[in-house]
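Participant: Let me begin by handing over the structure; questions about it come next.
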Amino acid sequence: MDIKEVPVTQTDSKGKKKKNKKTKKKTAEDAESSGVEQKEEKMEKSESAEAAFPPTFSVSEIKNKQRRHLMFMKLKQEKRKQKMQLKKKKKKEREALGDKAPPKEVPKTIENQRVYDETIVDPEDEEVAFDEGTDEFSAYFNGLTNPKVLITTSDRPRGRTVRFCEQLATVIPNAHVYYRRGLALKRVIPQCVARNFTYLMVINEDRKIPNGMVLCHLPDGPTAHFKISSVRLRKELKRRGKDPTEHSPEVILNNFSTRLGHSIGRLLAALFPQDPQFVGRQVATFHNQRDFIFFRFHRYIFKNEKKVGIQELGPRFTLKLRSLQKGTFDSKFGEYEWVLKRHEMDACRRKFQL
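Last residue of the sequence shown: 740 (this note's numbering), numbering continuous.
Shown next, in the form of structure tokens:
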């Protein structure tokens, strides 16, 4: 067989190379166009994600604690900015409208959404006036008798409880502090009645901190048991004034609106004489809010016709009523008018007892 040699031309390889270059250019252009399209799609998605507020994810899903706290603070700042902008916008609208502006909205609070109670006292009710004239405290409010208070503690009191009792004696006029020395209250009460004491106040403690108060009106009762919390002595108060003087203070009672609250308010007010000495400019305040009774003791001064300066003297504490008992203290056979049942009475936050 005759074998012919076929010469290989370089044009074919070049042409192939050119074709490959052309195909490569085409694929590069296609990739660039697809990349641009993908970028545009990503931009559209990011813009739509930015437009959606609040974010689709939850801050609680972030596992990193520091990152989660940072995102939470950012969201909080954004909400605050939006709130301030709305507030400024409403203020400008009100200034522009002037007298034609709509009335301001009353903010919703737990106090103004209180559940209606049938025992709320009307001060002009004849029955309430009759009860006030014939109850155990009528002689004090009519000025016929002056209160005399005995303050004592539980067995072996610690220093903080003793100092708290001593400061209470400076707040309540005609109050005397005696150490109990292991005596039972049933033996203490007859001795108090024999010495013409009208009140027995017992301060209990737990872990060296005052945590309870028994207030017994003598000689016939009633007896109230309170939980004490947030006790601050005079040294622990900032910008406190000098020690109180011996003047009889004024007494202010706030928000004791129900029958139970009315009786508790009278029980607390009868601790003080009903002829305040305004020269001393001292005020004892019992403020009831959500069944917590906040006690504050202030001194005031009139700076001019419009401004008044107030200075806290201390001590300060908070009371929570646990029970109200008829008669004097009797833990076994006493008859209770009212007892706090936490799981039943505290189930609704908008229902108050005092």
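Don't be surprised by glycine CBs; every beta carbon is placed ideally from N, CA and C.
Does the contact criterion of 3 or more C-beta pairs under 8 angstroms hold for the region 695-702 versus the region 722-736?
Facilitator: No, they do not touch.
Participant: When the Cα of lysine 572 is compared with those of Gln668, Leu604, Val563 and Gly529, which residue comes out closest?
Facilitator: Nearest option by C-alpha distance: Leu604.
Participant: Would glutamine 668 and histidine 633 qualify as a contact pair, given that the criterion is a beta-carbon distance under 7 angstroms?
Facilitator: In this structure, histidine 633 lies closer than 7 angstroms to glutamine 668 by Cβ.
Participant: Quick check on this structure: which residue in Arg736, Met459, Ile614 and Thr714 has the alpha carbon closest to the alpha carbon of lysine 706?
Facilitator: The candidate whose alpha carbon is nearest that of lysine 706 is Ile614.
Participant: Short check: CB of threonine 539 to CB of isoleucine 595, under 7 angstroms?
Facilitator: No, they are not a contact pair.
Participant: Could you give the DSSP three-state label for threonine 584: helix, strand or coil?
Facilitator: Threonine 584: coil per DSSP, three-state reduction.
Participant: Would you identify the three-state DSSP class for cysteine 578, choosing helix, strand or coil?
Facilitator: In the structure shown, cysteine 578 sits in a helix (DSSP, three-state: H, G or I).
Participant: Roughly how many angstroms separate the alpha carbons of alanine 482 and valine 492, rounded to a whole number?
Facilitator: Each residue's Cα considered, the two are about 21 angstroms apart.
Participant: Can you list, in chain order, the residues of its chain with a C-beta nearer than 8 angstroms to that of aspartate 508? Leave out the 5 residues immediately preceding and following it.
Facilitator: The residues are Val514.
Participant: Taking the Cβ atom as the reference point for each residue, do alanine 555 and isoleucine 537 lie within a distance shorter than 7 angstroms?
Facilitator: A contact, by the Cβ cut-off of 7 angstroms.
Participant: Assuming asparagine 674 and phenylalanine 642 are in contact, meaning their beta carbons sit under 8 angstroms apart, how far apart are those beta carbons, in whole angstroms?
Facilitator: Contact holds; Cβ gap of about 5 angstroms.
Participant: Quick check: the region 675-695 against the region 540-548, are at least 3 beta-carbon pairs closer than 8 angstroms?
Facilitator: Contact fails: fewer than three Cβ-Cβ distances are below 8 angstroms.
Participant: Smallest Cα separation from alanine 561: which of Ala570, Met731, Arg567 and Met587?
Facilitator: Taking only the C-alpha atoms, the option nearest alanine 561 is Met587.
Participant: Is it buried or exposed, isoleucine 558, if we count other Cβ atoms within 10 angstroms and call 16 or more buried?
Facilitator: Under this definition isoleucine 558 is a buried residue.
Participant: Have a look at the DSSP bridge pairing and note the partners of glutamate 636.
Facilitator: Glutamate 636 pairs with Val669.
Participant: Can you tell me whether DSSP reads arginine 741 as helix, strand or coil?
Facilitator: Shown here, the chain extends from 387 to 740; a query on residue 741 therefore has no answer.
Participant: According to DSSP, simplified to helix, strand and coil, what is tyrosine 722?
Facilitator: In this structure, tyrosine 722 counts as strand in the three-state DSSP scheme.
Participant: So for cysteine 551, helix, strand or coil by DSSP?
Facilitator: Here cysteine 551 sits in helix by DSSP.
Participant: Can you tell me where the beta strand (DSSP E) holding arginine 676 begins and where it ends?
Facilitator: Taken as a continuous stretch (DSSP letters only), arginine 676 belongs to no beta strand (DSSP E), as it is neither H nor E.
Participant: Determine whether the beta carbon atoms of threonine 704 and glycine 666 lie at a separation below 7 angstroms.
Facilitator: Going by C-beta atoms, threonine 704 is not nearer than 7 angstroms to glycine 666.
Participant: So the candidates are Arg466, Gly529, Asp485 and Thr505; which of them puts its Cα closest to the Cα of alanine 655?
Facilitator: Looking at the Cα atoms, Gly529 is the closest of the given residues.
Participant: Would you list the one or two residues that DSSP bridges to tyrosine 526?
Facilitator: In DSSP, tyrosine 526 forms no bridge with anything.
Participant: Take the Cβ of valine 600 as the centre, count every other Cβ of all protein chains shown within 10 Å, and call the residue buried at 16 or more, exposed below.
Facilitator: Looking at its Cβ environment, which holds 16 or more other Cβ atoms inside 10 Å, valine 600 is buried.
Participant: Helix, strand or coil for arginine 685, going by three-state DSSP, please let me know.
Facilitator: Strand at arginine 685.
Participant: In three-state terms, what does DSSP make of lysine 624?
Facilitator: In the structure shown, lysine 624 sits in coil (DSSP, three-state: anything other than H, G, I, E or B).
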